[in-house]
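Only one structure is covered here, and it is reproduced in the block below.
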Amino acid sequence: MSRIVLDEVKDFNLEHIFDCGQCFRWNAEDDGSYTGVAGGRAVNVALSGKSLVIDNATSDDFEEFWRDYFDMDTDYGKIKDALRAQDPVIGKAIDEGEGIRLLDQEIWETIISFIISANNNIPRIKGCIESLCENFGEKIGRYRGKTRYAFPTAQKLASLTTDDLVPCRLGYRAKYIINTAKMYTKLGDKYFEELKGEDVSYEDAFKKISQLQGVGPKVANCILLFSLKKRDAFPIDVWMKKVMNHLYGFEEEDVKGMEKFASETFGDVAGIAQQYLFYYMRNKALD
DNA sequence: AGCCAGGCCCAAC
DNA sequence: GTTGGGCATGGC
1 MSRIVLDEVK
11 DFNLEHIFDC
21 GQCFRWNAED
31 DGSYTGVAGG
41 RAVNVALSGK
51 SLVIDNATSD
61 DFEEFWRDYF
71 DMDTDYGKIK
81 DALRAQDPVI
91 GKAIDEGEGI
101 RLLDQEIWET
111 IISFIISANN
121 NIPRIKGCIE
131 SLCENFGEKI
141 GRYRGKTRYA
151 FPTAQKLASL
161 TTDDLVPCRL
171 GYRAKYIINT
181 AKMYTKLGDK
191 YFEELKGEDV
201 SYEDAFKKIS
211 QLQGVGPKVA
221 NCILLFSLKK
231 RDAFPIDVWM
241 KKVMNHLYGF
251 EEEDVKGMEK
261 FASETFGDVA
271 GIAQQYLFYY
281 MRNKALD
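Residue numbers for the first sequence follow full-length UniProt numbering, so the first one is 1 and each next one is one higher.
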């Protein structure tokens with residue numbers, strides 16, 4: 001079984017990366033490593049000292065997929081310094097989740113995952129997604145004692161009815177998923193992939209993604225941030241409302257004010273700031 | 001037991 | 001353009 005090792009990894013903490021709410025298919029092992037599936041590849045990721053070990057991956061896999069997935073070519077140290085310099089308050093949130101990185105996730109999977117996330121809790125979101133994969137995803141093979149499945153394709157989900165999705169316990173989201181699958185296959189992969197481009201603005205991508213059923217402002221911002229490389233996207237959910245109230249004194253209903261503040265203070269890396277803040281609020285026992 | 005969860009849709013202002 | 005009720009399901 002192949003594995004690859006990267007030395008001298010910086011600004012990289014597995015718990016911070018996988019537990020900051022951006023992804024749902026990674027699970028911690030007893031030894032602190034994480035096992036998950038992305039890009040149709042099942043791997044285990046471990047950090048030993050400053051070395052990142054990706055098990056069940058080749059160097060070709062790394063160059064083709066994992067390098068971008070883990071955003072290895074971005075200097076988070078520089079971003080964190082800039083955020084601290086810009087705002088005195090965010091430092092303690094950064095301290096709490098200093099090893100967060102924004103994963104570059106697949107668009108289709110991210111769209112569906114965050115439609116499922118609406119008015120839902122994280123353990124149940126993960127369960128729904130795994131169920132979707134086991135029922136309708138392509139079998140990848142056995143790895144570490146379990147059969148692993150890819151995320152189901154848009155074509156596959158577009159061919160289903162809400163009755164087919166009953167075992168996944170998606171509730172009222174099932175029809176959104178099927179309608180969005182149909183819309184996605186109609187528009188085509190390319191339509192969405194192009195939204196990743198630096199020449200596509202946040203506003204343009206936001207409007208296009210918001211056409212999908214089940215995608216409101218919050219979900220759209222998550223899709224933009226986690227799969228369309230729009231690092232200025234600043235998703236505001238109930239946890240963000242809490243932390244923005246706690247750290248900055250915003251009224252929890254003042255979403256507009258929070259967005260304005262984020263844009264003015266954190267600028268084109270507002271989404272990265274958002275990740276530190278979200279992680280801080282969810283994991284830190286507040287005073 | 002009852003409130004809540006990474007909100008959205010849709011109708012009614 | 002904004003506001004509010006309704007919403008499947010199950011975690012805690």
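All C-beta atoms in this analysis are idealised placements derived from N, C-alpha and C, irrespective of residue type, glycine included.
Mind checking which residues open and close the beta strand (DSSP E) that includes residue i?
{"i": "S51", "result": "51-55"}
{"i": "N27", "result": "26-28"}
{"i": "K284", "result": "Run containing K284: none; DSSP gives neither H nor E here."}
{"i": "R148", "result": "146-149"}
{"i": "G141", "result": "139-143"}
{"i": "L6", "result": "3-6"}
By the DSSP assignment, the alpha helix (DSSP H) with residue i in it spans what residues?
{"i": "V238", "result": "238-248"}
Using 8 Å as the threshold, is the C-beta distance between residue i and residue j below it?
{"i": "R3", "j": "D55", "result": "yes"}
{"i": "E8", "j": "N283", "result": "no"}
{"i": "V89", "j": "V53", "result": "no"}
{"i": "Q86", "j": "F266", "result": "yes"}
{"i": "I17", "j": "L83", "result": "no"}
{"i": "F151", "j": "G137", "result": "yes"}
{"i": "R41", "j": "F24", "result": "no"}
{"i": "Q213", "j": "Y176", "result": "yes"}
Whole angstroms are fine: how far does the CA of residue j sit from the CA of residue i?
{"i": "E130", "j": "T153", "result": "14 Å"}
{"i": "D287", "j": "R173", "result": "Since pLDDT at D287 reaches only 44, below the 50 mark, its modelled position is unreliable, and the value read off the structure follows with that caveat. Looking at the two C-alpha atoms, the distance is approximately 36 Å."}
{"i": "N245", "j": "E251", "result": "6 Å"}
{"i": "S273", "j": "A38", "result": "In the sequence as presented, Ser is not what sits at residue 273; that position holds Ala. Their backbone Cα atoms lie some 24 Å apart in a straight line."}
{"i": "Y248", "j": "D81", "result": "20 Å"}
{"i": "M1", "j": "D31", "result": "19 Å"}
{"i": "G145", "j": "A57", "result": "17 Å"}
{"i": "R148", "j": "Y202", "result": "35 Å"}
{"i": "R142", "j": "Y76", "result": "35 Å"}
Could you pull out every residue in the same chain whose Cβ sits closer than 6 Å to the Cβ of residue i, ignoring the five residues on either side in sequence?
{"i": "S117", "result": "I125"}
{"i": "L47", "result": "L14"}
{"i": "residue 365", "result": "For residue 365 there is no data in the structure shown, the boundaries of the chain being 1 and 287."}
{"i": "P217", "result": "none"}
{"i": "V243", "result": "L277, M281"}
{"i": "S51", "result": "V5, D7"}
I'd like the list of long-range same chain contacts for residue i, defined as Cβ closer than 7 Å, with 5 residues on each side in sequence excluded.
{"i": "N27", "result": "Y34, T35, G36"}
{"i": "residue 288", "result": "A query on residue 288 cannot be resolved here, the shown segment of the chain reaching from 1 to 287 and no further."}
Skipping 5 residues on each side, what residues in its chain have a beta carbon closer than 8 Å to that of residue i?
{"i": "D268", "result": "R231, D232"}
{"i": "I223", "result": "I107, T110, I111, F114, I209, V215"}
{"i": "V255", "result": "I236, K241"}
Can you check which of these residues, the options, is closest to residue i by C-alpha distance?
{"i": "S227", "options": "L157, E98, L132, G271", "result": "G271"}
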